[in-house]
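Visitor: In UniProt numbering, the protein residues as written are 1 to 565. Have a look at the structure that comes next, please.
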Amino acid sequence: MLGRYAFSRTGNFRPENLGQNAMAMIGNVCFSMFVVGVLVFTILAATYEPDDPLFHPSSKITTFLTSKSNATFKSDNTVVKTGEDFMATNETIFGNVINMTDVDNSVVNDFVEAAAAECESNGPIDCKDPEVFHTMMKATIEKFQDIHFYRFGKPVPGSSDSTCDMAWRFRPKEGKSAAFYKDYRRFVINRSENCTLSIVSIGEYHTGKNARKRKKHQKAGLEKKQVKGNNVNSLPVVGEVVNDSLPVVESESSFSHDKYLIYVGGGDRCKSMDHYLWSFLCALGEAQYLNRTLVMDLSICLSSIYTSSKQDEEGKDFRFYFDFEHLKEAGSVLDKEQFWADWERWQKKDGMNQHIVEDYRVTPMKLMDVKDSLIMRKFGSVEPDNYWYRVCEGETESVVQRPWHLVWKSRRLMDIVSAIASKLNWDYDSVHVVRGEKARNKELWPNLDAHTSPDALLSTLRDKVDEGRNLYIATNEPDTSFFDPLKDKYTTHFLDEYSDLWDENSEWYSETTKLNNGVPVEFDGYMRASIDTEVLLGGKKQIETFNDLTSDCKDGINTCNVATN
């Protein structure tokens, strides 16, 4: 038997079979390599995470923020990302959209009761009449074709017998931000001799001021039942009344029984806004980890890169730029000035002690067992070791998570964004045109100036934006007449067209002046960039400078494919 087996094997290697055997072996080897390659690729694809600078290890962020090199890479110090930028924007999280059929079905029962009522064609319009509500909702859905409606408030009397104010919650159909918007407008209503109702006109954005505030616990006029599990209440609502008053300590007892964390000193002041936020979120994350209230300084220093004076400016309020109402409701924070006033009153009386930490290398994990009422982190004068975010580096970064969900953009600024987009009926395209210093620097951006000239823009946009469209141009070019040649093809719009939204007669001006103890607030460079960016992102088509208009790299020559190390 063994002999036959050996003979059989020898037969396989006869000269006439060698070619076939070699081909079979090569085929088997290639197939095995293919299988292994597919397996490796599958594992890599499953575990790969996109390279987002906000989620780099802390050491990489430190290198990025503190770099003083003369490399061609330049950090982009314009607008920071905040919590809502990281939220999912699939429609399921926003709930059910109200359409015309829902409006018709919502009032069919009410009409049966109302039909018996007598009609007075010359009498005042009853804004509580279900037929009035139905007519207003229907006219709104018909007029605003580019938005989805999620809630209609009950109409209230307007400024005369023929007007009613109504509010609604909505989102643009092609919206990319995870937020709701609220509008309220004034309707002029006519009733004919046969008592048929018609809408004469619908006012401009936010003209129906009587409908702005909804009474506490008042149900919406029409809102579809939400899908179970949807937490729509966790989303920003732009257009609601903002209540960013300082949180108040309920009593001496509650103050003395709470635990606090405060950061003091350091080199973070007057840095870029992304540097500020990166450090602030580290402090906020540590406070959450230690289950303590963060004592924060609402007065921030605005870097010279955002100011008209080109100088660092102290005394800016956190609430000018971020949503403090959401922060104080979703997190646990106290204003520094108020905290120290209460500390002086009750600290000795109630035996409250403080624990001082002067080395950022003392990790939050080592402070878990501290029983003192206040942990005070003190930072020295030597940069970069005195940056707050150093606390969250090393072993801490896998333990303490920055709570991005607590920090949202200012809803006052976002309301200006909503107003601009609403004036364009949320039906516009946008283009971002970077010029200024970069266009003048031919060494780093040799083609930018030529590629963003009016003739070049017309040539590039011809195949990207339909002729006759509303085109919003977000740009740092101070002379907007530079873009006049584009008016032959498009209806162009710029931020400064809407200056009435922040001038001395505006709601924004009134509210921020009140917030600033009666001193008018400058509409600074960061606010401008923030609004310009958000309006840009609201466009149906968005054209970017460095992706679409020019072959130059965003950060200078030879940086297009270089990841931040």
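Each residue gets a CB set at the ideal place from its N, CA and C atoms; glycine is no exception.
Relative to the C-alpha of L495, which candidate in E511, L515, I473, D488 has its C-alpha closest?
Guide: For the purposes of this step, residue 495 is identified with residue 495 of the sequence shown, where counting begins at 1. L495 has its Cα closest to that of I473, out of E511, L515, I473, D488.
Visitor: Return the bridge partner residues of A167 from the DSSP annotation.
Guide: In the sequence shown, residue 167 corresponds to position 167, counting from 1. DSSP, once it has assigned bridges, lists Y184 as partnering A167.
Visitor: Confirm the yes/no value for this check: CB of A287, any heavy atom of the ligand FAD, distance under 8 Å.
Guide: Of the ligands one can find in the structure shown there are none, so the ligand FAD has no counterpart to examine.
Visitor: Using three-state DSSP, classify V80 as helix, strand or coil.
Guide: The residue labelled residue 80 in the question sits at position 80 within the sequence shown. The answer is coil: DSSP assigns V80 none of H, G, I, E or B.
Visitor: Using a Cβ-Cβ cutoff of less than 7 Å, which residues in the same chain neighbour M87 once the five nearest sequence positions on both sides are dropped?
Guide: As a first step, residue 87 is located in the sequence shown; it is residue number 87 there, counting from the start. Closer than 7 Å at Cβ, skipping near neighbours: A178.
Visitor: Hey, S201 and S192: beta-carbon distance below 9 Å or not?
Guide: Taking the first residue of the sequence shown as position 1, residue 201 is located at position 201. Taking the first residue of the sequence shown as position 1, residue 192 is located at position 192. No. Outside cutoff.
Visitor: Going by CA-CA distance only, name the one from F339, L549, E325, P124 that's closest to K464.
Guide: As a position in the sequence shown, residue 464 is number 464, starting the count at 1. Closest by alpha carbon: L549.
Visitor: Determine, using beta-carbon pairs with one atom in the segment 390-401 and one in the segment 440-450, whether at least three such pairs fall under 8 Å.
Guide: In short, these stretches do not touch, since the Cβ pair count stays below three.
Visitor: Rounded to the nearest angstrom, what separates D102 and V333 at their Cα positions?
Guide: Here the question's residue 102 lines up with position 102 in the sequence shown. Here the question's residue 333 lines up with position 333 in the sequence shown. Answer to the nearest angstrom: the Cα atoms are 42 Å apart.
Visitor: How big is the Cα-Cα spacing for D165 and D126?
Guide: On the sequence shown, residue 165 is found 165 positions in, with the first residue counted as 1. On the sequence shown, residue 126 is found 126 positions in, with the first residue counted as 1. So the alpha carbons of these two residues sit roughly 12 Å apart.
Visitor: Report buried or exposed for F7, applying the criterion of at least 16 other Cβ atoms within 10 angstroms of its Cβ.
Guide: Counting from 1 along the sequence shown, the entry for residue 7 is found at position 7. Residue confidence for F7 is low, a pLDDT of 38 falling below 50, so the modelled location carries little weight; the figure read from the coordinates is stated next. So F7 counts as exposed.
Visitor: Report the CB separation of G239 from Y181 in whole angstroms; it is logged as a contact under 8 Å.
Guide: Position 239 of the sequence shown holds residue 239. Position 181 of the sequence shown holds residue 181. Correct: roughly 6 Å between the Cβ atoms.
Visitor: Near Q542, which residues of its chain fall below 8 Å by C-beta distance, leaving aside the five closest residues on each side in sequence?
Guide: Along the sequence shown, one-based indexing puts residue 542 at 542. The residues are D429, S430, V431, H432, L536.
Visitor: Could you check whether the segment 333-345 touches the segment 286-297, counting it as contact only if at least three pairs of C-beta atoms, one from each stretch, sit closer than 8 Å?
Guide: These segments touch.
Visitor: Which residues in the same chain have their Cβ closer than 7 Å to the Cβ of S59, if we skip the five residues on either side of it in sequence?
Guide: For the purposes of this step, residue 59 is taken as residue 59 along the sequence shown, with counting starting at 1. In this predicted model, S59 has a pLDDT of only 49, less than 50, meaning its place in the structure is not dependable enough to derive any value.
Visitor: What is the rounded straight-line gap between the Cα of S234 and the Cα of A421?
Guide: In the sequence shown, the residue the question calls residue 234 occupies position 234. In the sequence shown, the residue the question calls residue 421 occupies position 421. Each residue's Cα considered, the two are about 23 Å apart.
Visitor: Could you give the distance in angstroms between the alpha-carbon of G540 and the alpha-carbon of T513?
Guide: Locating residue 540 in the sequence shown gives position 540, counting from the first residue. Locating residue 513 in the sequence shown gives position 513, counting from the first residue. Rather than Gly, the amino acid found at residue 540 in this sequence is Lys. Rounded to the nearest angstrom, the two C-alpha atoms are 34 Å apart.
Visitor: Below 6 Å CB to CB, which residues in the same chain sit around A439 once its five sequence neighbours on both sides are set aside?
Guide: Locating residue 439 in the sequence shown gives position 439, counting from the first residue. Only L448, D449 meet the Cβ criterion.
Visitor: With the cut-off set at 9 Å, would you say A283 and L298 are in Cβ contact?
Guide: Within the sequence shown, the letter at position 283 stands for residue 283. Within the sequence shown, the letter at position 298 stands for residue 298. No, they are not a contact pair.
Visitor: Leaving out the 5 sequence neighbours to the left and right, which residues in its chain are closer than 6 Å to A287 when beta-carbon positions are compared?
Guide: Locating residue 287 in the sequence shown gives position 287, where the first residue counts as 1. Here the set comprises L261, L294.
Visitor: Beta-carbon separation of V79 and A529 under 9 Å?
Guide: Along the sequence shown, one-based indexing puts residue 79 at 79. Along the sequence shown, one-based indexing puts residue 529 at 529. Yes. Within cutoff.
Visitor: State the beta-bridge partners of V295 as determined by DSSP.
Guide: Mapped onto the sequence shown, residue 295 falls at position 295. Answer is I262, L334.
Visitor: Go ahead and pull the three-state DSSP assignment for F339.
Guide: What you label residue 339 is simply residue 339 of the sequence shown in a count that begins at 1. Helix, per DSSP.
Visitor: If we ignore side chains and look at the alpha-carbon of each, how far apart do K371 and M136 end up?
Guide: Mapped onto the sequence shown, residue 371 falls at position 371. Mapped onto the sequence shown, residue 136 falls at position 136. About 60 Å.
Visitor: In three-state terms, what does DSSP make of R440?
Guide: Residue numbering aside, residue 440 sits at position 440 when the sequence shown is read from its first letter. Helix.
Visitor: Please report the distance separating the alpha-carbon of S256 from that of I300.
Guide: As a working mapping, residue 256 is identified with position 256 in the sequence shown. As a working mapping, residue 300 is identified with position 300 in the sequence shown. S256 and I300: Cα-Cα distance of roughly 28 Å.
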